[in-house]
Every structure is written in C-alpha cells, then in structure tokens.
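This report refers to the structure that appears directly beneath it.
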Amino acid sequence: MPLPQREPCSVQLDIQSVSHSYGTLPVLDSVSFTVRDGEVVALIGPSGCGKSTLLAIVGGLLRPQAGAVFQEGEAPAGCINPLTYVFQDFALLPWRSVEGNIRLVLRGLAAREVEARIEEVLAQTHLSDFRRAYPKQLSGGMRQRVGIARALAVRPAVLLMDEPLSSLDAQTRVILLDEFAELFQRAGVTAVYVTHNLAEAVRLADRVVVLSRRPGRVKDVVPIAVPRPERAIDSPAMLAVERRLWNLIRDEAVLADQELADAR
Amino acid sequence: MRADRTPVTYRAGGFSPRMIQALGAASFVAVIAALEAAARLGWIGPLSFPAPSAIGAALADLYRSGLLAQHLGASLRRLAVGWSAGVASGLVIGFALGVSTFARSLGLPWVAAISAIPKIALLPLFIIWFGIGEGSKYATIAFGAFFPTVINTFGGVDNIPRNLIRMGQSFNLKPLSIILAIVLPGTLPAILSAFRISASIGIILLVSAEMISAQYGIGAYIIEQQNLFQLDRLMAGVVLLMAVGLAVYGIIAVLERWLLRWR
Ligand SMILES: Nc1ncnc2c1ncn2[C@@H]1O[C@H](COP(=O)(O)OP(=O)(O)O)[C@@H](O)[C@H]1O
Ligand SMILES: [Mg+2]
Numbered sequence: 489m490p491l492p493q494r495e496p497c498s499v500q501l502d503i504q505s506v507s508h509s510y511g512t513l514p515v516l517d518s519v520s521f522t523v524r525d526g527e528v529v530a531l532i533g534p535s536g537c538g539k540s541t542l543l544a545i546v547g548g549l550l551r552p553q554a555g556a557v558f559q560e561g562e563a564p565a566g567c568i569n570p571l572t573y574v575f576q577d578f579a580l581l582p583w584r585s586v587e588g589n590i591r592l593v594l595r596g597l598a599a600r601e602v603e604a605r606i607e608e609v610l611a612q613t614h615l616s617d618f619r620r621a622y623p624k625q626l627s628g629g630m631r632q633r634v635g636i637a638r639a640l641a642v643r644p645a646v647l648l649m650d651e652p653l654s655s656l657d658a659q660t661r662v663i664l665l666d667e668f669a670e671l672f673q674r675a676g677v678t679a680v681y682v683t684h685n686l687a688e689a690v691r692l693a694d695r696v697v698v699l700s701r702r703p704g705r706v707k708d709v710v711p712i713a714v715p716r717p718e719r720a721i722d723s724p725a726m727l728a729v730e731r732r733l734w735n736l737i738r739d740e741a742v743l744a745d746q747e748l749a750d751a752r
Numbered sequence: 057m058r059a060d061r062t063p064v065t066y067r068a069g070g071f072s073p074r075m076i077q078a079l080g081a082a083s084f085v086a087v088i089a090a091l092e093a094a095a096r097l098g099w100i101g102p103l104s105f106p107a108p109s110a111i112g113a114a115l116a117d118l119y120r121s122g123l124l125a126q127h128l129g130a131s132l133r134r135l136a137v138g139w140s141a142g143v144a145s146g147l148v149i150g151f152a153l154g155v156s157t158f159a160r161s162l163g164l165p166w167v168a169a170i171s172a173i174p175k176i177a178l179l180p181l182f183i184i185w186f187g188i189g190e191g192s193k194y195a196t197i198a199f200g201a202f203f204p205t206v207i208n209t210f211g212g213v214d215n216i217p218r219n220l221i222r223m224g225q226s227f228n229l230k231p232l233s234i235i236l237a238i239v240l241p242g243t244l245p246a247i248l249s250a251f252r253i254s255a256s257i258g259i260i261l262l263v264s265a266e267m268i269s270a271q272y273g274i275g276a277y278i279i280e281q282q283n284l285f286q287l288d289r290l291m292a293g294v295v296l297l298m299a300v301g302l303a304v305y306g307i308i309a310v311l312e313r314w315l316l317r318w319r
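Heads up: the sequence lines are chains A and B, in that order.
Plus 488 on top of the position in the first sequence (first one is 1) and you've got our numbering.
Plus 56 on top of the position in the second sequence (first one is 1) and you've got our numbering.
This is the structure we're talking about:
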C-alpha cells in the first residue's frame, strides 16, 4: 500500500534551545531537535532526565523557561487537535465507556462524523467489541489501545507518546509494540515517542534523540537506517543500533542512578 | 512423606465488609422483640420506656387522626426546601473554591470561620430576619447543609487526578467542558458523601428548630408529647425520625449505586 504523498523534508516540529528547571533543579539544558513530517523521533535517556518534561513542553502543557517550540506545515484533513498526547497511565475517564472516552475529545464535529470516527478508530485498534466496556473492565493493554484510539480519532498532525508501554506487563508490551510498528508504517504517523526502552526506540523510530542525564542535553541523534519491514527484534542490524545506543546512555544511566541514590 | 509436612493455612481473610441487608433487618426485629418481651415481663416500666406495641399503637392513632401526614409533611417539606437550597449553593461555592484561585483565597477563610458556628445558634437571628414561620427554618437548614457541601465538594475537586485535567487540556477541551465532563463526574463520590452528611445535619437542625417554635412537624410533636408526658407518643415521634433517617440513607445508597456504577 503506497503511503500518502508528503513533502519530502518539510519540518513539522522545531524544538529550539528549550531549557527548564523545577525551582532550583535544572531539568533540561538547551535542547534542540526537529521532527519532520511523517517521521517518528524517539526520545531516550535515563530515568529522571527530563523526557516527560520535554514532551509536556512540546505539547503545550508546560511553559518552558527558555527556548521555544514551533510547529509548521498543514495539519491533516479533519484534524481537530494537531499535537495529541498518548499518556503512560492512559488518562482514561473511569466513568466513561470506551466509546464515551473517545467521544469526549470529538467536540465540535457533526454527530455522524463523530460516530464514523469512533467506528473507524475502534476497528483500527481492535476494540470494536469493547466499545461499551468501562476502563476498570479492561486489561492494561486494552486501556492503552483506548488511549491510542482516542488520539487517532482527532486526526493528529503529531502524536506525542510518553512511555506508552511502560505501565504494561512484558508480554502485552511486545504485542502493543508490534501494533504500534504496524500502525506507524501503515498510517505514516508523525510522532515523538518517549521511552527508556532501547528496543522500542530502535523498532519504531526513524531517528533517536539521546538525552544525557539530568539536566537533559541532546547527547546524540542516531538515525535508524534499517527499513521498517526489516526490523525484526533479533535482527543483527537492529541489535547493532541498540548496542550503539546503549553505549551512549550507559554511563549516563549509571551516573543518574547514583545521583538518585545520593539524593535519598 | 516427611513428618514435618504441614499445610499452609489461609490468613488473608476479613477487612472486606459487605452489607447483608437481611441481617440489618433481622436486628431491628430482634431488638423490637426483646424490648416488647422486657415490657411484658415487667422488666422495663412504661414510664421509662414504652413497649414497642404501645409505640406502634400511638403511631397508628397518629395516622388515623390525620396528624401523621400533617407533622411528617411539614417536616419533610422544610427538610427538602432547606436542604436543596443549602446543597445547591454549597455545590456552586464548593466548585468555585475548587477551581479558582481567587474564589479560594477569598472564600476559604470565611468558610473555615463560619462553619465553626453551631448553626442552631443562628436560629434566633434568622427568626428576626426571616420571621418565626417557615423562612427561619428553611434558612437554618440551608445554612447547616451548605458548609459540609462546600467543604466536601471542594475537597473532591482537589482530589481529581491532575493528569485527567491535563488530558482534557491536551485535547483542547474548553474549561467549561473540563468542568462538566471531568471535574463534575470526578467529584460525584465526594458530592454524594456531602449529601449524606448534610442530610444528617439538616435533620438535626430541622428537629431543633421545630422544637423551638412550630405548630406542626415531628420536632413540635415530640415536644408536645413531652409536655403531656405521653411517652409512647413521644417515642412514636422518635421512631418517625429514625424512619426519615433510614429513608434518606436508602435514597442516597440508590443514587450511589446508580451514579457510581463505574467504580
Ligand atoms: N512538577 C514537578 N515539580 C518538581 N520536580 C519535578 C516535576 N516534574 C518532574 N520533576 C523532576 O524533574 C526531573 C525530570 O522529570 P521527568 O521529566 O518526569 O523525567 P523523565 O520523564 O525523563 O523520567 C525529575 O528529577 C523529577 O523528579
Ligand atoms: Mg517520564
């Protein structure tokens, strides 16, 4: 299936020298990178290095103390929320059913359009049989599928995903990772994908932005040259990239861990 | 098989109470039967505690005379009007304190100061302001229901997971949509517990106000029977209050089961 035609190298997001501190704790130090149209950028770095903070700034949920984030380009047809989040803890309303949670974010659309979009995204995420279920009745994997469905329903320009698999058990993670890979390939999604899991980054991303330990700086940007269809988890090319990433963040992770231990 | 082999015993029971309605009902029957037996056997004199059958007869009399409807009706109307007014205004103010810095800074000290007043102490003032009739009773009950509602609602809003509000903002929901679709439903458990507390306080204030000045109403009836030293009728009034209390709890329990079925 051919991907929709897109401008080859138009920039979708431009993150320019973003710095941030919480009180006296510096968390991000002059972080810059771009996200091109149709590209998945993974953001990796040790725990506590400011990944969530950076993504919140990118999504307009936190005001950076310095620097700025720019968006460019035209949003897809029918887009009602260009920068759309997928949360680590799903952020579903427990008092709304699956379809109710999706309907919540489809304000300002004609009723028929709302129903059509709900049908569509439920089918895409294999949730059609669960549309009337409440979150408490669903497994973690199912809940995150609802999170994805809700995000897709607004036809986002860029998906902002903050460790979307981190709350799930290992097996579910593998299954959803496959689904993400398929979705990204099929739908030509533009995304910033935060993770501390190198395998996820290597599997999903076109480029990986590696952050140092806190305060997060861009340590390196690693392109993943392996074509998506060839990205089996155990392929040598993939393992080689993963090892390269590991070498980049290993010392950072060790130091970050000691820092946390000192602070305690 | 080894000699030191023993089964692992289960030790994680308890701490998860359920409600067995039949047991509750049976305890009522048992207490009534015990009191009746004690009265018949002469263990309790009629001047200290009338037999349940005598209380029942007094209730039946009250019903036949048509006064039951009058007393109960007057009380329930006062409770309904006063409680609804207090709860409705309490919800509005509670939400304002919950979402707005300005409202909170301005309102919270007043709520803390005024909620410390025993509300019945204001009845004399309300009688001067609103008259000896219904107005002062409505006002007292409303005032009493208002504060627990404000405090619970505002606490409930505070306890809404921050990430749900951020989720709403991340999807560009308007502030009003966030309040109606996220804050309000998320506060419902706290609001329902506010209903329960404010109804109890409302009943206390209702009866106190009726005892001070009213022609009809359960409180007025109880005081009247005390003056006549009619213990069985006095107790009939108390039983009526228990019935009102049970009914209020029942209604709120039904509301909870329906509104919070997602839990
Ligand atoms: N709202 C906040 N107030 C104060 N400190 C915070 C806040 N949010 C995060 N932090 C701190 O900032 C650092 C970076 O947090 P975060 O962006 O969540 O890191 P990551 O997502 O990479 O694990 C951590 O040390 C965290 O404790
Ligand atoms: Mg994080």
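Built from N, CA and C at the ideal position, the CB exists for glycine as well.
Check: What's the call for R638(A), buried or exposed, on a 16-neighbour Cβ count within 10 Å?
Finding: With 16 or more Cβ atoms within 10 Å of its Cβ, R638(A) is classed as buried.
Next item on the list: Please indicate yes or no: does the CB of L651(A) lie closer than 7 Å to some heavy atom of ligand 2?
Entry: For the record, residue 651(A) in the displayed sequence is Glu; it is not Leu. True, at least one ligand heavy atom lies under 7 Å from that Cβ.
Check: Listing by chain order, which chain B residues have their CB less than 7 Å from the CB of R643(A)?
Finding: Those within 7 Å of R643(A) in chain B number zero; the least Cβ separation is about 12 Å.
Margin query: Checking 8 Å against the spacing of the C-beta atoms, do V546(A) and L653(A) come in under that value?
Written below: Going by C-beta atoms, V546(A) is not nearer than 8 Å to L653(A).
Check: Under a three-way DSSP split, which group does Q746(A) fall into?
Finding: Reduced to three states, the DSSP call for Q746(A) is helix.
Checklist line | Proximity of G635(A) and T660(A) at Cβ, strictly below 8 Å | finding: Between G635(A) and T660(A), the C-beta spacing is not below 8 Å.
Margin query: Using only Cβ atoms and a threshold of 5 Å, which residues come within that distance of a heavy atom of ligand 3? Order them by chain position.
Written below: As presented, the structure is devoid of ligand 3, carrying ligand 1 and ligand 2 as its sole ligands.
Check: Rounded to a whole number of angstroms, what is the C-alpha to C-alpha distance between P492(A) and Q225(B)?
Finding: At P492(A) the pLDDT is 49, less than 50, meaning the model places this residue with poor confidence; the figure from the coordinates comes in the next sentence. Roughly 30 Å between the two C-alpha positions.
Check: Among the residues of its own chain, which have a CB less than 6 Å from the CB of I606(A), if the five just before and after it don't count?
Finding: Taken in chain order, the residues that qualify are E587, I590.
Note to self: From the DSSP secondary-structure annotation, give me the bridge partner or partners of T157(B).
What the structure shows: Among the bridge pairs identified by DSSP, T157(B) is matched with none.
Note to self: Does T62(B) pass the burial test, meaning 16 or more other C-beta atoms within 10 Å, or should it be called exposed?
What the structure shows: So T62(B) ends up on the exposed side.
Check: Listing by chain order, which chain A residues have their CB less than 8 Å from the CB of L220(B)?
Finding: The CB of L220(B) comes closer than 8 Å to the CB of A579, L581 in chain A, given here in chain order.
Next item on the list: Could you tell me if T512(A) is buried or exposed, where buried requires 16 or more neighbouring beta carbons within 10 angstroms of its beta carbon?
Entry: The C-beta of T512(A) has fewer than 16 other C-beta atoms within 10 Å across all chains shown, which makes the residue exposed.
Next item on the list: Would you list, in chain order, the members of the region 581–597 of chain A that have their beta-carbon closer than 7 Å to a beta-carbon of chain B?
Entry: For chain B, the residues of the region 581–597 of chain A that bring a beta carbon within less than 7 Å of one of its beta carbons are L581, P582, W583, L592, V593, R595, in chain order.
Item checked: Under 9 Å by beta carbon: chain A residues contacting W314(B) -> Chain A residues near W314(B): none, gap ~12 Å exceeds 9 Å.
Margin query: Which complete alpha helix (DSSP H) runs does the region 595–646 of chain A hold, if anything under 4 residues is left out?
Written below: The region 595–646 of chain A contains these whole alpha helix (DSSP H) runs: 599–612, 628–641.
Note to self: For a cutoff of 8 Å on Cβ pairs, would you count G547(A) as touching chain B?
What the structure shows: Yes - at least one Cβ of chain B is within 8 Å of the one on G547(A).
Next item on the list: Could you list the residues in the region 230–253 of chain B with a C-beta less than 9 Å from some C-beta on chain A, going in chain order?
Entry: Taking 9 Å as the Cβ-Cβ cut-off against chain A, the residues of the region 230–253 of chain B that qualify are K230, S233, A237, I238, P241, G242, L244.
Next item on the list: Output yes or no for whether 8 Å exceeds the beta carbon distance between E747(A) and A687(A).
Entry: The answer is no: Cβ separation not under 8 Å.
Note to self: Let's see if you can read the secondary structure: which residues bound the alpha helix (DSSP H) around L571(A)?
What the structure shows: Unbroken run through L571(A) is the beta strand (DSSP E), 571–574; no alpha helix (DSSP H).
Next item on the list: For I636(A), decide whether its Cβ has a neighbour in chain B, counting only Cβ atoms nearer than 8 Å.
Entry: No, I636(A) does not count as interfacial toward chain B.
Notebook entry, point to check: Using 8 Å as the limit for Cβ to Cβ distance, is Y681(A) near chain B?
Noted result: Cβ-Cβ to chain B under 8 Å: no for Y681(A).
Check: Excluding sequence positions up to five away, which residues of its chain have a Cβ less than 6 Å from the Cβ of Q559(A)?
Finding: Excluding residues within five positions, the ones whose Cβ falls inside 6 Å are L501.
Margin query: Spatial neighbours of S249(B) within its chain, please: C-beta separation below 8 Å, excluding the five flanking residues on both sides.
Written below: The beta carbon of S249(B) sits closer than 8 Å to the beta carbons of N208 from its chain, once the five residues preceding and following it are set aside; these are given in chain order.
Checklist line | Cβ neighbours of R494(A) in the same chain (closer than 8 Å, five flanking residues each side left out) | finding: At R494(A), the pLDDT of 47 sits below 50, so the modelled position is not reliable and the matter cannot be decided from this model.
Note to self: Run through chain B and tell me which residues come within less than 7 Å of F575(A), C-beta to C-beta.
What the structure shows: Within chain B, the residues whose beta carbon sits less than 7 Å from that of F575(A) are N219, M223, listed in sequence order.
Next item on the list: Flag Y510(A) as yes if its beta-carbon sits less than 8 Å from any beta-carbon of chain B, otherwise no.
Entry: Residue-level contact check: Y510(A) does not touch chain B, since none of the beta carbons of chain B fall below 8 Å from its beta carbon.
Notebook entry, point to check: Do the region 107–127 of chain B and the region 179–194 of chain B touch if we need at least three Cβ pairs shorter than 8 Å?
Noted result: No, they do not touch.
Next item on the list: Check the Cβ of N215(B) against every Cβ in chain A and list those closer than 8 Å, keeping chain order.
Entry: Here the premise fails: no neighbours, minimum Cβ distance about 13 Å.
Notebook entry, point to check: Counting contacts by CB-CB distance shorter than 8 Å, is S121(B) in contact with chain A?
Noted result: Output row for S121(B): interface = no.
Note to self: When you compare the CB positions of V523(A) and R702(A), do they come within less than 8 Å of one another, or not?
What the structure shows: No.
Notebook entry, point to check: Would DSSP call P204(B) helix, strand or coil?
Noted result: Of the three classes helix, strand and coil, the one that applies to P204(B) here is helix, per DSSP.
Check: Of all the beta strand (DSSP E) runs that stay within the bounds of the region 249–287 of chain B, which reach a length of 3 or more residues?
Finding: The region 249–287 of chain B contains no whole beta strand (DSSP E) run of 3 or more residues.
Notebook entry, point to check: What is the rounded straight-line gap between the Cα of E651(A) and the Cα of A68(B)?
Noted result: Straight-line Cα distance between these residues: approximately 35 Å.
Notebook entry, point to check: Is the region 246–260 of chain B touching the region 290–309 of chain B, taking contact as three or more C-beta pairs under 8 Å?
Noted result: Because the criterion of three Cβ pairs below 8 Å is met, the region 246–260 of chain B and the region 290–309 of chain B touch.
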